[in-house]
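Q: If you scroll down you'll find the structure; I have some questions about it.
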Amino acid sequence: MNYPRISVITPSYDQGQFIEETIRSVLEQGYPNLEFSVFDGGSTDRTVEILRKYSAQLSFWRSERDGGQAAAINEGFQRATGDILCWLNSDDLHCANTLSTVASLLVSCLDQPVVIYGGCEMFDNRTHKKTFRPPTPFSRELLELMDFLDQPSVFWTRKAWELVGPLDQSLHYGFDWEWFLRAAKVGRFEATGALLSRYRIHKMHKSRTGGKARWRELLTIVRRHASPVVVNHYEFLMRRNSARWWLNKRMRLCLALKGPLRTSADAVATLLSPPFWVLPTGIQRRTLWQISGIH
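Per the numbering used here, the sequence shown runs over residues 1 to 295.
Here it is in structure tokens:
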């Protein structure tokens, strides 16, 4: 097999408790044409010690203050020489054969703007509960409504990056979604059923923080890329913070129900199914997956 060069960029900041596992998940695959770089934002924990430990196996690493996560990733791709690109956050993991699987799927179309994405295992760092998420069939309309792509399971050709351009560094919470939306306008998205990554859920996870700032940013992205109908849905939900809070609380209570009551709760959850309610600024997606039986 011809092994195209794959560039993996890992942005990091104060994730010393996770980053060694992330690094090992990439290196231990033994992919023969790997360019693996870590861009750390000046961590004050054990991160630098760990990076020094693996410096001989990393293509590049640095630890200094930068402009944030999106800026670090953009810097990484400016330096990257790979035919296939991706980034892997310092709390997530690749699976055992991820890189060779991706290479086999993209090697025949390196001259085209192609994005490939696969399955993802969500795992709770505290409870160790695991949830497999198969890839959702691609739809531009659905992507306008919600970011259904699991970022650590997404890879693309250099041609795609060159046509789409860098991440928007003004964004903090949704820059991956915004890039996918731009990519959907110029490239082809293909799904594979292969399990490509493991997505760690923990108390400081960015998608669980941000509050109103996150909602405002996601609305900015929607206004930039989505149809007027989707924009109206987001604006409606953002004006009703108390309704979102109430519904999330009631749905979490339903998770503890048994027997006929649980059956009734599942029926109610069906009424709240996509496309209207599964919004990043609406009902929390993880709650909906649980109550709807998507484990």
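Ideal Cβ placement from N, Cα and C applies to all residues, glycine included.
#1: Going by the CB atoms, is the gap between Val164 and Arg188 shorter than 8 Å?
#2: Name the two residues that bound the continuous alpha helix (DSSP H) containing Thr157.
#3: Looking at Gly42 and Glu64, is the spacing between their C-beta atoms short of 8 Å?
#4: If you reduce the DSSP assignment to three classes, tell me which class Phe314 lands in.
#5: For Phe180, which of helix, strand or coil comes out of DSSP?
#6: Roughly how many whole angstroms lie between the Cα atoms of Glu121 and Tyr199?
#7: How is the beta strand (DSSP E) around Ala296 delimited, first residue to last?
#8: Got a sec? Which residues, its chain only, sit under 6 Å from Pro11 by beta carbon, not counting five neighbours each side?
#9: Does the region 142–162 come close enough to the region 79–86 to have 3 or more Cβ pairs within less than 8 Å?
#10: Under a Cβ-count criterion, where at least 16 other Cβ atoms within 10 Å of its own Cβ denotes burial, should Ala103 be classed as buried or exposed?
#11: Please report the straight-line C-alpha distance between Asp91 and Thr136, rounded to a whole angstrom.
#12: Considering Tyr117, what are the terminal residues of the beta strand (DSSP E) in which it resides?
#13: Can you give me the C-alpha to C-alpha distance between Ala267 and Arg223, rounded to a whole angstrom?
#14: Buried or exposed: which applies to Phe18, given that a residue is buried once 16 or more other Cβ atoms fall within 10 Å of its Cβ?
#15: Are the region 121–133 and the region 52–67 in contact at 8 Å, needing three or more beta carbon pairs?
#16: Mark Asp150 as exposed unless 16 or more other C-beta atoms lie within 10 angstroms of its C-beta, in which case mark it buried.
#17: Can you tell me the Cα-Cα spacing of Phe236 and Ala226, whole angstroms?
#18: If you compare alpha carbons, which of Arg140, Leu218 and Gly174 is closest to Lys185?
#19: Below 7 Å CB to CB, which residues in the same chain sit around Gly67 once its five sequence neighbours on both sides are set aside?
#20: What residue range is occupied by the uninterrupted alpha helix (DSSP H) comprising Val38?
#21: Applying the 10 Å Cβ sphere with the 16-neighbour rule, what's the burial state of Thr44?
#22: Determine the DSSP secondary structure at Lys130, reduced to helix, strand or coil.
#23: Using C-beta distances below 6 Å, list every residue in its chain close to Asn33, excluding the 5 sequence neighbours before and after it, in chain order.
#24: Any idea which residues DSSP pairs Cys86 with across the strands?
#25: Expressed to the nearest angstrom, what Euclidean distance is found between the alpha-carbon atoms of Arg216 and Ala56?
#26: Flag this pair as yes or no: are the beta carbons of Val114 and Val154 separated by less than 8 Å?
#27: Where Val230 and Arg46 are concerned, what is the direct C-alpha to C-alpha distance, given to the nearest angstrom?
#28: Does any heavy atom of the ligand PLP sit closer than 7 Å to the C-beta of Val48?
#29: Suppose you measure from the CA of Glu20 to the CA of Trp177; what does that come to, to the nearest Å?
#30: Quick one: grab the DSSP three-state call for Leu272.
A: Considering the structure as presented:
#1: no
#2: No alpha helix (DSSP H) contains Thr157, which is instead part of the beta strand (DSSP E) from Val154 to Thr157.
#3: Taking 8 Å as the Cβ cut-off, Glu64 and Gly42 qualify as a contacting pair.
#4: There is no way to answer for residue 314, as the model of the chain reaches only from 1 to 295.
#5: helix
#6: Glu121 and Tyr199: Cα-Cα distance of roughly 6 Å.
#7: Lying before the first or after the last residue shown, residue 296 is absent from the chain, which here runs from 1 to 295.
#8: Phe39, Gln69, Ala72 and Ile73
#9: yes
#10: buried
#11: 23 Å
#12: Segment Val114 to Asp124, the beta strand (DSSP E) holding Tyr117.
#13: With a pLDDT of 46 at Ala267, under the threshold of 50, the modelled position of that residue is not reliable, and the figure given next carries that caveat. Approximately 32 Å, taken between the alpha carbons.
#14: buried
#15: no
#16: Sixteen is the threshold: when 16 or more other Cβ atoms of the shown chains lie within 10 Å of the Cβ of Asp150, as they do, the residue is buried.
#17: Approximately 15 Å between the Cα atoms of the pair.
#18: Ranking the options by Cα distance to Lys185, first place goes to Arg140.
#19: Gln169
#20: Taken as a continuous stretch (DSSP letters only), Val38 belongs to no alpha helix (DSSP H), being part of the beta strand (DSSP E) at Leu34 to Asp40.
#21: Counting Cβ neighbours within 10 Å, Thr44 comes out exposed, since fewer than 16 surround it.
#22: Note: Lys130 maps to strand in three-state DSSP.
#23: Tyr3 and Arg5
#24: Val8
#25: 42 Å
#26: no
#27: 43 Å
#28: The ligand PLP is absent from the structure shown, which contains no ligands of any kind.
#29: Their backbone Cα atoms lie some 26 Å apart in a straight line.
#30: Bear in mind that the predicted position of Leu272 carries a pLDDT of just 45, short of 50, making it unreliable; the figure below should be weighed with that in mind. Coil, per DSSP.
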